[in-house]
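Asker: All residue numbers for the sequence shown refer to the numbering used here, where the first residue is 131 and numbers rise by one.
Take this structure, written in C-alpha cells, and hold onto it; I'll ask about it next.
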Amino acid sequence: GRRHVNTVPVKLIRPSNSLRKELEDTHFCAGQIKHIRDLAELLGPQAVNVFSVDDKARVPLGLPAAQKQAPILMRYERQILMPDHDYPIAKGLKLIPSVIGVLYFKDWKVSYSGPTCISIRGGAIDSSTAETHRQDLIKYLHHDKMRDYFWSNNRIKPVLVVFSDGGPDEAPRNEKVLQAAVKSFKMLDLDAMFVCTNAPHQSARNPVERRMAPLSRDLCGLIIPHNVCGTHLDAQGQTIDKVLEKKNFEAAGRILAEVWDRTVIDGFEVISQYVPPASTATSKSTEANYVL
C-alpha cells in the first residue's frame, strides 16, 4: 500500500547533571545556612547585605560561547558562518566571569532574586582568586547603581552575609579566603560578617546558580572573536604579542559585558564590567579613595 508519513513532535532527552553525591555533613551544612538566613531576616533589610558568589563556566573565544545551545529565532535570509571546528586557532582562550548575586529582601524574607554583578577577566592574562572576589565585592558595594541596595543611613549596612560554593577561591575553610574576609571586615567597618558554604558536591544549592541559566541563554548563537584588534597568535596558537593580547581580551570582555548588560533576571538588572589585569595590581591604591 501507499506509505503515509506524518510529522510527530518529539522531545529529545539529554543527560542531566541533577544527581548529587550525598555526604554525612550535607544536612548539617544546609541547616547552618538556614539558621544564618533566619538571622538575616531577623535583623532586617536595613542592617544586612546578603550575597551569593560563584564563577560561571568560562566563555571561549572564537568558538560558540554557550556549550549547550537553545533554539533561537532568526531571519531566513541570514547566513550562518561558523569557524573551522577541526582547527580552532584560538583554542584555550577564554573569559572568566565572576558572578555576585544580590539576594533581595521581599516582605522581610531573603529571596533568591536581586541584581546581578559580573566581573569579566581574561583567562590567559588574569585569574580568579579570593583577592579578586574581595575586590569585586568592594567595587560593587560602592557602585552608584547599587547604593540603594547596599547602603542605609549613609553607610554600608553593618552586617554582611556571603554564600559561596566549595571552590578553593571561595570556601571559608581556605586561609586566603579567610584573609580576604578579614580585610573586607576591617575596611568596611562591619559589625558582623558571615561566609558560608554548602557541603562538598552540593555547589548546585548555591542561590546564584539559578542565574547561570539566563546568562547562558543570552550566549546562544554568539561567537566572540579573539582578534578584534588583530591577531596576537601564530599558526600554532602561541602568543607572539603580549600587548595585543591584552587589547584583544579587553575588546572581547567588553563585547560580553554589553551582551549581559541588556539582560534582566526576575525583573532585576545585570551590571557587567571587564576588569583588566592592571586594575588587580593597583586595587590597593584605589580602595583607599573610597569614602566609607
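Backbone N, C-alpha and C define an ideal beta-carbon position, used for all residues, glycine too.
#1: Apply the 10 Å Cβ neighbour rule to I370 and answer buried if 16 or more other Cβ atoms are within range, or exposed otherwise.
#2: For C159, does the three-state DSSP call read helix, strand or coil?
#3: With H, G and I counted as helix, E and B as strand and the rest as coil, what does DSSP make of K164?
#4: Considering only residues of the same chain and omitting the five flanking positions on each side of S241, which have a CB-CB separation below 6 Å?
#5: Hey, could you find the ends of the beta strand (DSSP E) T246 is sitting in?
#6: Compute the Euclidean distance between the alpha carbons of K316 and G351, then round it to the nearest angstrom.
#7: Which residues in the same chain as A382 place their Cβ atom closer than 6 Å to its Cβ, once the five residues preceding and following it in sequence are excluded?
#8: So what does N179 bridge to, in DSSP terms?
#9: If we count Cβ pairs, one from each stretch, closer than 8 Å, do we get three or more for the stretch 283-296 versus the stretch 241-257?
#10: Quick one: grab the DSSP three-state call for I385.
#11: Between the C-alpha atoms of T429 and P139, what's the straight-line distance to the nearest angstrom?
#12: Relative to the C-alpha of L267, which candidate in A301, L308, F181 and K224 has its C-alpha closest?
#13: Just to confirm my understanding: we take I385, look at its own chain, exclude 5 residues before and 5 after, and list those with CB closer than 7 Å. What are they?
#14: Going by DSSP in three states, A311 sits in which element: helix, strand or coil?
#15: Would you tell me roughly how many angstroms separate the C-alpha atoms of D295 and Q403, rounded to the nearest one?
#16: Can you list, in chain order, the residues of its chain whose CB lies under 6 Å from that of D155, leaving out five sequence neighbours each side?
#17: Mapping the DSSP letters down to three states, classify Y279 as helix, strand or coil.
#18: Give the straight-line distance between the Cα atoms of L271 and V405, rounded to the nearest whole angstrom.
#19: Quick one: using the 10 Å Cβ neighbour count with 16 as the cut-off for buried, is R277 buried or exposed?
#20: Can you grab the Cα-Cα spacing for the pair H165 / G174, in whole Å?
#21: Less than 7 Å between C-beta atoms, sequence neighbours within five positions excluded: which residues of the same chain meet that for K308?
#22: In chain order, what residues of the same chain lie with their CB nearer than 6 Å to the CB of D216, ignoring the 5 residues before and after it?
#23: Under a three-way DSSP split, which group does V421 fall into?
#24: Residues in its own chain within less than 8 Å of V394 by CB, not counting five upstream and five downstream?
#25: Quick one: Cα of L290 to Cα of D237, how far?
#26: In the DSSP assignment, find the beta strand (DSSP E) that holds E399 and state where it starts and stops.
#27: Whole angstroms are fine: how far does the CA of L345 sit from the CA of E300?
#28: By DSSP, does D216 sit in helix, in strand, or in coil?
#29: Where do the ends of the beta strand (DSSP E) carrying P227 lie?
#30: Quick check on I231: buried or exposed, where buried means 16 or more other Cβ atoms within 10 Å of its Cβ?
#31: Can you grab the Cα-Cα spacing for the pair E305 / L320, in whole Å?
Answerer: Here's the rundown:
#1: Residue mapping note: residue 370 aligns to position 240 of the sequence shown, counting from 1. Exposed, because fewer than 16 other Cβ atoms sit within 10 Å of the Cβ of I370.
#2: Counting from one through the sequence shown, the residue named residue 159 turns up at place 29. Of the three classes helix, strand and coil, the one that applies to C159 here is helix, per DSSP.
#3: Your numbering for residue 164 matches position 34 in the sequence shown. Here K164 sits in helix by DSSP.
#4: Translated into positions along the sequence shown, residue 241 becomes position 111. Y234, listed in sequence order.
#5: Against the sequence shown, residue 246 aligns to sequence position 116. Element bounds for T246: T246 to G252.
#6: Taking the first residue of the sequence shown as position 1, residue 316 is located at position 186. Taking the first residue of the sequence shown as position 1, residue 351 is located at position 221. One C-alpha to the other measures close to 44 Å.
#7: In the sequence shown, counting from the first residue as 1, residue 382 sits at position 252. L191 and I354, listed in sequence order.
#8: Walking along the sequence shown from the start, residue 179 turns up at place 49. Answer is L290, bridged to N179.
#9: no
#10: Stepping through the sequence shown from its first residue, residue 385 is reached at position 255. It is helical.
#11: Coverage of the chain is limited to positions 131 through 422, which leaves residue 429 absent and any answer about it impossible.
#12: For this step, residue 267 is matched to residue 137 along the sequence shown. For the residues A301, L308, F181 and K224, the minimum Cα distance to L267 belongs to F181.
#13: As a first step, residue 385 is located in the sequence shown; it is residue number 255 there, counting from the start. Excluding residues within five positions, the ones whose Cβ falls inside 7 Å are I354.
#14: Counting from 1 along the sequence shown, the entry for residue 311 is found at position 181. Helix, per DSSP.
#15: As a position in the sequence shown, residue 295 is number 165, starting the count at 1. As a position in the sequence shown, residue 403 is number 273, starting the count at 1. Roughly 22 Å separates the two Cα atoms.
#16: What you label residue 155 is simply residue 25 of the sequence shown in a count that begins at 1. Excluding residues within five positions, the ones whose Cβ falls inside 6 Å are A329.
#17: As a working note, residue 279 is residue 149 in the sequence shown. Helix at Y279.
#18: Start at 1 with the first residue of the sequence shown, and residue 271 comes out as number 141. Start at 1 with the first residue of the sequence shown, and residue 405 comes out as number 275. Going from the Cα of L271 to the Cα of V405 covers about 16 Å.
#19: As a working note, residue 277 is residue 147 in the sequence shown. Counting Cβ neighbours within 10 Å, R277 comes out exposed, since fewer than 16 surround it.
#20: For this step, residue 165 is matched to residue 35 along the sequence shown. For this step, residue 174 is matched to residue 44 along the sequence shown. Taking the straight line joining both Cα atoms gives about 14 Å.
#21: Here residue 308 refers to the residue found at position 178 when the sequence shown is read from its first residue. The amino acid at residue 308 is misidentified as Lys; the sequence shows Leu. Cβ within range, chain order: P302.
#22: One-based indexing of the sequence shown puts residue 216 at position 86. Its pLDDT being 47, under 50, D216 is placed unreliably by the model, and nothing is read from it.
#23: Numbered from its first residue, the sequence shown carries residue 421 at position 291. In this prediction, V421 scores a pLDDT of 43, lower than 50, which makes its location untrustworthy; no coordinate-derived value is stated.
#24: Residue numbering aside, residue 394 sits at position 264 when the sequence shown is read from its first letter. Within the same chain, V394 has close Cβ partners V400.
#25: Position 160 of the sequence shown, counted from the first residue, corresponds to residue 290. Position 107 of the sequence shown, counted from the first residue, corresponds to residue 237. Their Cα atoms are separated by approximately 19 Å.
#26: Translated into the one-based positions of the sequence shown, residue 399 becomes position 269. It spans F398 to Y404 - the beta strand (DSSP E) in which E399 sits, taken as one unbroken run.
#27: Along the sequence shown, read from residue 1 onward, the residue named residue 300 stands at position 170. Along the sequence shown, read from residue 1 onward, the residue named residue 345 stands at position 215. If you take the alpha carbons of E300 and L345, they lie about 21 Å apart.
#28: Locating residue 216 in the sequence shown gives position 86, counting from the first residue. Low per-residue confidence applies at D216: pLDDT is 47, beneath 50, and the placement is therefore not dependable enough to give any value.
#29: Taking the first residue of the sequence shown as 1, we reach residue 227 at position 97. Looking at the DSSP string, the run of the beta strand (DSSP E) that includes P227 is K224 to V232.
#30: Walking along the sequence shown from the start, residue 231 turns up at place 101. Looking at the sequence shown, residue 231 is not Ile but Gly. Buried, by the Cβ-count rule.
#31: Counting from one through the sequence shown, the residue named residue 305 turns up at place 175. Counting from one through the sequence shown, the residue named residue 320 turns up at place 190. In a straight line, the C-alpha of E305 is about 20 Å away from that of L320.
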